[in-house]
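Contents: one structure, followed by commentary.
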Ligand code: SAH
């Protein structure tokens, strides 16, 4: 029986608070799973719901495959329809899951993500960036655009910079709302992220994150105005601070972090 048929007979009712929008198009489901690179050592599916993606992985890659789903009803459904998952099916919150329990090998994260927490999912990925070499995920279209946006674009923001510092990000394709049950109010898109070769940003990482966040929190202001409290007189006239955050590339944010990090006032703070 195909998942589509199963879903109609299922008692699993979508729960809005959990971002449950079940994909009903088998071709799209397959196309998403096909994006996974075969060389990864561990694959984690986030939020399997009724298993529309799961069904294309469970038999082929079971030994390296784990599902994390928060919803008890979905867990029961998955247990009965994919008994072969066994203890590869974990009831839990992906945002609170210690990913190191799955070993230190290269890991891929895949899912039709709950959109209400997709930023947090990406921050969780960042936390495990030493392990997570790939992410294939469906998110809200605007989120996908923001993740892949380059400097100069008006959607370029905090997540673009923080994720692109460590990942190459491709916007793969757009997905229409009517292939979900229930249809979300927004369009969706599938993105693929691959870990780049960077092992060290070449600057103080914590300061980098805080500078990126502070700059974009007031994105229409110049960098000088947004960052003024951390700028010492010796650097405050530097022309880079005339720019607005969306004009700066990832590398320029790194250079700026070093400029601020080595300036006198910052050392004194
Ligand atoms: N992959 C399925 C379901 C997508 S809906 C499909 O494409 O049809 C998003 C799923 O994520 C839901 O099943 C929801 O219960 C689950 N979910 C929501 N928050 C979660 C969290 N914090 N951790 C793990 N799963 C979560």
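Numbering (this note's numbering), first residue to last: 475 to 743.
Don't be surprised by glycine CBs; every beta carbon is placed ideally from N, CA and C.
Judged by DSSP in its simplified three-state form, residue 563 adopts strand.
Here residue 513 is exposed: its Cβ has fewer than 16 other Cβ atoms, across all protein chains shown, within 10 Å.
Judged by DSSP in its simplified three-state form, residue 647 adopts strand.
Taking 8 Å as the cut-off, the Cβ atoms of residue 646 and residue 686 do not count as close. A distance criterion of 7 Å places the beta-carbon of residue 588 in contact range of the ligand SAH, judged by its closest non-hydrogen atom.
CA-CA distance, residue 576 to residue 515, rounds to 10 Å. The Cβ-Cβ distance between residue 554 and residue 524 does not fall below 8 Å. In the same chain as residue 658, and ignoring 5 residues on each side of it, the C-beta atoms closer than 8 Å to its own belong to 495, 589, 614, 651, in chain order. Using a Cβ-Cβ distance cut-off of 8 Å, the segment 532-548 and the segment 560-572 are in contact, since at least three pairs of beta carbons, one from each stretch, lie closer than that value.
No Cβ-Cβ contact shorter than 8 Å links residue 591 with residue 621. Per DSSP, reduced to three states, the secondary structure at residue 531 is coil, with no helix or strand assignment. Looking at the DSSP output, residue 585 sits in a beta bridge with 611.
The beta carbons of residue 640 and residue 603 sit closer together than 8 Å. Counting the other Cβ atoms within 10 Å of the Cβ of residue 710 gives fewer than 16, which makes it exposed.
Inter-residue distance for residue 597 and residue 518 is about 16 Å (C-alpha atoms, whole angstroms). Inclusion of residue 698 and residue 715 in the CB contact set at 8 Å is warranted, their separation being smaller than that value. For residue 516, the enclosing beta strand (DSSP E) has its first and last residue at 516-520.
A check of alpha carbon separations from residue 504 across 585, 638, 627 identifies 585 as the nearest.
In the structure shown, residue 630 falls within a coil segment according to DSSP collapsed to helix, strand and coil.
In the structure shown, the three-state DSSP call for residue 641 is strand.
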